[in-house]
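Asker:
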Amino acid sequence: MTTNTQLPHATSYLVKDTGRVKVHTLVSPAPMFANATHIIELPNELILVDGQFFAQYGQEFRDLADSLQKPISRFYVTHDHPDHFLGMGDAFADVPVYALPEIKESLATVGPHELEEKQHQMGSLIANRLSLPTEVVEPGEETIGGARFLFERVLDTESPVALVIKLPELGIVIAQDILYHDAHAFITGPVTGWKKALQALRDDDDYDLILPGHGKPAGKSDIDRAMDYLDKATELLAQADGPVAYKQALLTVYPDYAADKLIDIYCRILFR
Ligand SMILES: [Zn+2]
959 MTTNTQLPHA
969 TSYLVKDTGR
979 VKVHTLVSPA
989 PMFANATHII
999 ELPNELILVD
1009 GQFFAQYGQE
1019 FRDLADSLQK
1029 PISRFYVTHD
1039 HPDHFLGMGD
1049 AFADVPVYAL
1059 PEIKESLATV
1069 GPHELEEKQH
1079 QMGSLIANRL
1089 SLPTEVVEPG
1099 EETIGGARFL
1109 FERVLDTESP
1119 VALVIKLPEL
1129 GIVIAQDILY
1139 HDAHAFITGP
1149 VTGWKKALQA
1159 LRDDDDYDLI
1169 LPGHGKPAGK
1179 SDIDRAMDYL
1189 DKATELLAQA
1199 DGPVAYKQAL
1209 LTVYPDYAAD
1219 KLIDIYCRIL
1229 FR
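Heads up: the sequence shown at position 177 corresponds to 1135 in my numbering, and the numbers run straight through without jumps.
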């Protein structure tokens, strides 16, 4: 089932194939936030991570999952920003959604407000309803379908609380918005904790494939560039005399980065 296409299509990638487990990523186009959402394809089931912003990409993510012909047993939402849960509302109304306890609680409050506001601003590009978490994930280790999953709560990065999922047997970290890969990062305050989390990912030799929340699957050198970006943005912010000058300075240094609309959105918070 596909809704009317109104936007350019997302792109999907087969990130890893061990024979037993496959990992797939769907990335929305660069001007549409380059949102990256992921499927861990186990022998008999699918585990999904994050739900896009636009309803069309939520549906394209569903179409990718359905093409694998296995049931979706869990859908994890990593944090409470609308580009990670709004798009999935219509397309994933029938799946169990998991989140950290405080994210589940936060989404119950901010979700309806975000839905109403974005529907008002963008009409039919936005889903008709929400599919909010009903289940809780606690940090720790779990074996699902024979594969090891490590769930971690990471504080004080791009958002105050975020879920990171590690697949040690695959060498994959699903870092979501801790890593923006060649995309403009969503900066709303000091980046000290954020850089510390990136450095920890950089230093962890057990993982070499990092799945970002924005942009294509990444490697270790992409983390270095993301840390440089946060330094540069901090420097430009200190020099700029307003949001227009700041955005212009950032676009001059990073003309090819995806998701430049995110700058406008977070500047409303940063320059409030
Ligand atoms: Zn995001």
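Note that the Cβ used here is the ideal one computed from N, Cα and C, for glycine as well.
Is any heavy atom of ligand 1 found at a distance shorter than 7 angstroms from the C-beta of residue 1012?
Answerer: Incorrect: residue 1012 has no Cβ contact closer than 7 angstroms to ligand 1.
Asker: Using only the heavy atoms of ligand 1, determine whether one of them is closer than 7 angstroms to the beta carbon of residue 1189.
Answerer: No.
Asker: Within the present structure, is the beta-carbon of residue 1172 separated from the nearest heavy atom of ligand 1 by less than 7 angstroms?
Answerer: Residue 1172: yes, Cβ under 7 angstroms from ligand 1.
Asker: Helix, strand or coil, according to DSSP, for residue 1205 in the structure here?
Answerer: Three-state DSSP puts residue 1205 in a helix.
Asker: Is it true that the CB of residue 967 sits closer than 8 angstroms to the CB of residue 1171?
Answerer: Contact flag unset, no.
Asker: Spatial neighbours of residue 959 within its chain, please: CB distance less than 7 angstroms, with the 5 preceding and 5 following residues excluded, ordered by chain position.
Answerer: Reliability fails at residue 959, whose pLDDT of 44 lies under 50, so the model's placement of it is uncertain and the value that follows must be treated cautiously. Excluding positions up to five away in sequence, the list is empty.
Asker: Sort 1201, 1226, 1072 by Cα distance to residue 1012 and report the nearest one.
Answerer: Among 1201, 1226, 1072, the Cα nearest to that of residue 1012 belongs to 1072.
Asker: Cα separation between residue 969 and residue 986?
Answerer: The straight-line gap from Cα to Cα measures roughly 6 angstroms.
Asker: CB of residue 1038 to nearest heavy atom of ligand 1: below 7 angstroms?
Answerer: No, the beta carbon of residue 1038 sits no closer than 7 angstroms to any heavy atom of ligand 1.
Asker: With contact counted as at least three CB pairs below 8 angstroms, one residue from each stretch, are the stretch 1117 to 1130 and the stretch 1068 to 1085 in contact?
Answerer: The answer is no - the stretch 1068 to 1085 does not touch the stretch 1117 to 1130, with fewer than three Cβ pairs under 8 angstroms.
Asker: Tell me the DSSP bridge mates of residue 1153?
Answerer: Looking at the DSSP assignment, residue 1153 forms no beta bridge with any residue, so it has no partner.
Asker: According to DSSP, is residue 1137 part of a helix, a strand, or is it coil?
Answerer: Of the three classes helix, strand and coil, the one that applies to residue 1137 here is strand, per DSSP.
Asker: What did DSSP end up calling residue 1190 once you bin it into helix, strand or coil?
Answerer: Residue 1190 falls in the helix class under three-state DSSP.
Asker: Could you tell me if the beta carbon of residue 1144 falls within a distance shorter than 7 angstroms of some heavy atom in ligand 1?
Answerer: Correct: residue 1144 has its Cβ closer than 7 angstroms to ligand 1.
Asker: With C-beta atoms as the reference, is residue 981 less than 8 angstroms away from residue 1008?
Answerer: Result no, Cβ atoms of residue 981 and residue 1008 do not sit closer than 8 angstroms.
Asker: For the putative contact between residue 1003 and residue 1028, defined by C-beta atoms under 8 angstroms, what is the C-beta separation to the nearest angstrom?
Answerer: Going by Cβ atoms, the distance from residue 1003 to residue 1028 rounds to 6 angstroms, so yes, they are a contact pair.
Asker: By the three-class DSSP mapping on this structure, what secondary structure does residue 1099 have?
Answerer: Here residue 1099 sits in strand by DSSP.
Asker: With a CB to CB cut of under 7 angstroms and the five nearest residues on each side skipped, what residues in its chain are close to residue 1211?
Answerer: These residues qualify, in order along the chain: 1190.
Asker: How many angstroms separate the CA atom of residue 1226 from the CA atom of residue 1206?
Answerer: Roughly 15 angstroms separates the two Cα atoms.
Asker: Comparing the CB of residue 1222 with every heavy atom of ligand 1, is any distance shorter than 7 angstroms?
Answerer: For ligand 1, not one heavy atom lies less than 7 angstroms from the Cβ of residue 1222.
Asker: Taking residue 1078 as part of the alpha helix (DSSP H), name the residues at either end of that continuous run.
Answerer: It spans 1059 to 1080 - the alpha helix (DSSP H) in which residue 1078 sits, taken as one unbroken run.
Asker: Quick check on residue 976: buried or exposed, where buried means 16 or more other Cβ atoms within 10 Å of its Cβ?
Answerer: Residue 976 should be labelled exposed.
Asker: May I ask whether a heavy atom of ligand 1 can be found less than 7 angstroms away from the beta carbon of residue 1140?
Answerer: Residue 1140 Cβ: outside cutoff for every heavy atom of ligand 1.
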